[in-house]
Each structure stands twice: as C-alpha cells, then as structure tokens.
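Trainee: From first to last, the protein sequence lines are chains L and F. Here the first sequence is numbered in the working numbering, starting from 19 and rising by one per residue. Here the second sequence is numbered in the working numbering, starting from 7 and rising by one per residue. I have a structure here, written as structure tokens, and I will follow up with some questions on it.
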Amino acid sequence: DAGVIQSPRHEVTEMGQEVTLRCKPISGHDYLFWYRQTMMRGLELLIYFNNNVPIDDSGMPEDRFSAKMPNASFSTLKIQPSEPRDSAVYFCASSLTTGNTEAFFGQGTRLTVV
Amino acid sequence: GESVGLHLPTLSVQEGDNSIINCAYSNSASDYFIWYKQESGKGPQFIIDIRSNMDKRQGQRVTVLLNKTVKHLSLQIAATQPGDSAVYFCAENLLTQFYFGTGTSLTVIP
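Below, the structure written as structure tokens:
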C-alpha cells in the first residue's frame with residue numbers, strides 16, 4: 019500500500035476562495051482523521067470518521083469548514099470561504115478498526131491563503 | 007497584539023549520545039500511547055507505542071517508559087544519529103481519538 023495519500027501537496031489561494039483538500043486513506047482502515055498543524059496551536063484534531071460516518075467534528079473551527087467521506091477510499095476537507103488565518107498544514111491520517119493501533123499520516127497539504 | 011507561536015522544547019545532543027524526550031499526558035483514562043517523529047516537510051511517522059498495562063517497551067534503539075501515576079511518558083533514543091533530528095510528539099489515545107502533545111525538537115550535533 020502506498021500509505022495515506024493527500025492532494026494537493028501545496029495550495030496557494032486568495033482570500034474568499036473555496037479550497038478543497040483530498041485524502042485517500044490506507045485500504046482497510048476504518049478510521050479517518052483530519053488534523054491541522056500550525057506554529058501557534060500545534061497539531062489539532064478537526065474531525066474524524068468511522069466507517070465513513072463523521073463521529074466527532076467538535077474540532078472544526080467554524081462553519082466555513084466542512085468534511086465529507088463519500089466512500090471508504092476518499093475524504094475531502096473544504097474551506098469556503100477561505101481566510102488568511104486558515105493557512106496551515108492539513109494532515110489526513112487513518113487507522114484500523116481495532117482502535118488501539120497507530121494512526122498513519124499522509125504527507126500533508128500546505129495551505130497558504132493570501 | 008503580537009502573535010506568539012508555540013515555544014517548542016528543544017534538545018541538542020552529540021551524535022552517539024543517548025537522548026531522552028519527555029511528555030506529560032492529560033487524561034488518566036488514556037489507554038494507549040504513541041511516539042511520533044516528524045521531519046521537516048513530512049507527516050508524523052510512528053516510532054513506538056505502549057499500552058497502559060505496560061510500563062516499558064523497547065524497539066530498535068528506542069525505549070518508551072510509561073508512568074501512569076504521574077501521567078508521564080518518555081522516549082529514550084540510544085546512540086543518537088544525525089537522522090534522528092526531528093520534532094518528536096507523544097500522542098495519547100482515548101476513545102479512538104489521538105491527542106498530541108506540543109512536541110520536542112531534537113537536534114543532533116555531528
């Protein structure tokens with residue numbers, strides 16, 4: 019398996035534009051996590067899914083953020099409209115059903131909103 | 007006002023020396039812990055894990071110690087190498103969620 023795959027690796031967009039980040043988890047993993055990493059706040063959990071169903075989205079900062087998982091092999095994190103303070107590295111991670119197993123991280127998407 | 011970023015704890019060690027990185031976790035109900043390594047421009051990578059029914063676990067050149075009494079984790083790296091330079095995070099698992107510490111930046115001096 020190629021691991022967790024995120025796209026794009028880098029995104030630069032203008033304030034007010036819609037941004038969509040994509041993630042393909044490791045096949046067979048039932049949990050998918052979206053994290054945001056900034057110098058100010060470190061690594062923050064935004065939302066996670068179990069079997070494609072959102073379980074906890076309490077970390078999503080505002081209504082401008084939304085996440086979907088239409089099937090077991092694909093998830094998106096959308097920001098609409100984007101703002102400069104959304105600039106960060108966004109990571110997707112996945113883990114197996116059993117719960118107490120490691121989460122595997124993708125390479126991240128570095129988002130810059132100007 | 008001026009924004010202040012996280013002040014990452016830093017550790018500098020000579021190549022070949024042993025490194026010890028410490029972490030305090032939050033929740034006494036957490037039952038699984040992981041150490042991750044994050045190199046510049048990459049996602050966190052798994053190093054070693056430990057379950058709450060253990061107090062020590064060893065891997066290749068790494069050892070994790072868990073003290074549940076004081077909610078403390080440590081990562082020991084033996085014979086530290088330049089490739090070990092990175093930010094190290096501890097993560098606690100509670101109800102299938104992973105909560106990460108702020109990280110420690112390790113620099114290995116050749």
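The C-beta atom is built at its ideal place from N, Cα and C for all residues, glycine as well.
Would you mind giving the Cβ-Cβ distance between residue 68 of chain F and residue 83 of chain F, rounded to the nearest angstrom? I have them listed as a contact below 8 angstroms.
Mentor: As a working note, residue 68 of chain F is residue 62 in the second sequence. As a working note, residue 83 of chain F is residue 77 in the second sequence. The Cβ separation is near 6 angstroms, so the contact holds.
Trainee: Could you check what DSSP says for residue 18 of chain L in three-state terms: helix, strand or coil?
Mentor: Here chain L covers residues 19 to 132 and nothing more, so residue 18 of chain L does not appear.
Trainee: Going along chain L, which residues have a C-beta under 9 angstroms from residue 57 of chain F?
Mentor: Numbered from 1 along the second sequence, position 51 holds the residue referred to as residue 57 of chain F. Within chain L, the residues near residue 57 of chain F are 118.
Trainee: Please list the residues of the segment 32-45 of chain F that have a C-beta atom closer than 9 angstroms to any C-beta atom in chain L, keeping them in chain order.
Mentor: Contacts with chain L (Cβ-Cβ distance below 9 angstroms) from the segment 32-45 of chain F involve 37, 38, 40, 42 and 44, listed in chain order.
Trainee: With contact counted as at least three CB pairs below 8 angstroms, one residue from each stretch, are the segment 71-90 of chain F and the segment 28-44 of chain F in contact?
Mentor: yes
Trainee: Using beta carbons (cut-off 7 angstroms, strictly below), is residue 50 of chain L in contact with chain F?
Mentor: As a position in the first sequence, residue 50 of chain L is number 32, starting the count at 1. Not an interface residue.
Trainee: Starting from the Cα of residue 37 of chain F, find the closest Cα among F/14, F/115, F/85 and F/59 and give me that residue.
Mentor: Indexing the second sequence from 1 puts residue 37 of chain F at position 31. Comparing Cα positions, the closest option is F/59.
Trainee: Is there a C-beta anywhere in chain F that falls below 7 angstroms from the one on residue 95 of chain L?
Mentor: Stepping through the first sequence from its first residue, residue 95 of chain L is reached at position 77. No - not a single Cβ of chain F is within 7 angstroms of the one on residue 95 of chain L.
Trainee: Report the residues of the segment 59-70 of chain L with a CB closer than 9 angstroms to any CB of chain F, ordered along the chain.
Mentor: 59, 60, 61, 62, 63, 66 and 68
Trainee: Can you tell me where the beta strand (DSSP E) with residue 31 of chain F in it begins and where it stops?
Mentor: Reading the second sequence from its first residue, position 25 is the one you call residue 31 of chain F. Note, residue 31 of chain F: premise wrong, no beta strand (DSSP E); not H, not E.
Trainee: Can you check whether the CB of residue 65 of chain L is closer than 7 angstroms to the CB of residue 112 of chain L?
Mentor: The residue given as residue 112 of chain L occupies position 94 in the first sequence. The residue given as residue 65 of chain L occupies position 47 in the first sequence. Not a contact, by the Cβ cut-off of 7 angstroms.
Trainee: Name, please, each residue of chain L whose Cβ falls closer than 8 angstroms to the Cβ of residue 48 of chain F.
Mentor: Position 42 of the second sequence, counting from 1, holds the residue named residue 48 of chain F. Ordered by position in chain L, the residues that pass the 8 angstroms Cβ test against residue 48 of chain F are 125 and 126.
Trainee: Mind checking the segment 91-113 of chain F against chain L and listing, in chain order, the residues whose C-beta falls within less than 9 angstroms of any C-beta there?
Mentor: Answer in chain order: 95, 97, 99, 101, 102, 103, 104, 105, 106, 107, 108 and 109.
Trainee: Classify residue 101 of chain F: buried if its beta carbon has 16 or more other beta carbons within 10 angstroms, exposed otherwise.
Mentor: Residue mapping note: residue 101 of chain F aligns to position 95 of the second sequence, counting from 1. Its Cβ having fewer than 16 others within 10 Å, residue 101 of chain F is exposed.
Trainee: Report back the beta-carbon spacing between residue 119 of chain L and residue 39 of chain L to the nearest angstrom; my notes put them in contact at under 8 angstroms.
Mentor: One-based indexing of the first sequence puts residue 119 of chain L at position 101. One-based indexing of the first sequence puts residue 39 of chain L at position 21. The Cβ separation is near 24 angstroms, so there is no contact.
Trainee: For the beta strand (DSSP E) containing residue 78 of chain F, name the first residue and the last one.
Mentor: On the second sequence, position 72 is the one that residue 78 of chain F refers to. Looking at the DSSP string, the run of the beta strand (DSSP E) that includes residue 78 of chain F is 78-83.
Trainee: Is it right to say residue 48 of chain F is buried, meaning 16 or more other beta carbons lie within 10 angstroms of its own, or is it exposed?
Mentor: Your numbering for residue 48 of chain F matches position 42 in the second sequence. Burial call: exposed.
Trainee: For residue 103 of chain L, which option in L/56, L/49, L/48 and L/109 has the closest C-alpha, if you only look at C-alpha atoms?
Mentor: Mapped onto the first sequence, residue 103 of chain L falls at position 85. Of the candidates L/56, L/49, L/48 and L/109, the one whose C-alpha sits nearest the C-alpha of residue 103 of chain L is L/56.
Trainee: Residue 8 of chain F: buried (16+ other C-beta within 10 angstroms of its C-beta) or exposed?
Mentor: Looking up residue 8 of chain F in the second sequence gives position 2. With a pLDDT of 40 at residue 8 of chain F, under the threshold of 50, the modelled position of this residue cannot be trusted; read the value that follows with caution. So residue 8 of chain F ends up on the exposed side.
Trainee: Consult DSSP for residue 88 of chain F and reduce its assignment to one of helix, strand or coil.
Mentor: Counted from its first residue, the second sequence places residue 88 of chain F at position 82. In this structure, residue 88 of chain F counts as helix in the three-state DSSP scheme.
Trainee: Compare the C-beta of residue 83 of chain L against all C-beta atoms of chain F and say whether one is closer than 7 angstroms.
Mentor: One-based indexing of the first sequence puts residue 83 of chain L at position 65. Taking 7 angstroms as the CB threshold, residue 83 of chain L stays off the interface with chain F.
Trainee: Measuring straight from C-alpha to C-alpha, what distance separates residue 24 of chain F and residue 98 of chain L?
Mentor: Working through the second sequence from its first residue, we reach residue 24 of chain F at position 18. Working through the first sequence from its first residue, we reach residue 98 of chain L at position 80. If I take the Cα positions, the gap works out to 47 angstroms.
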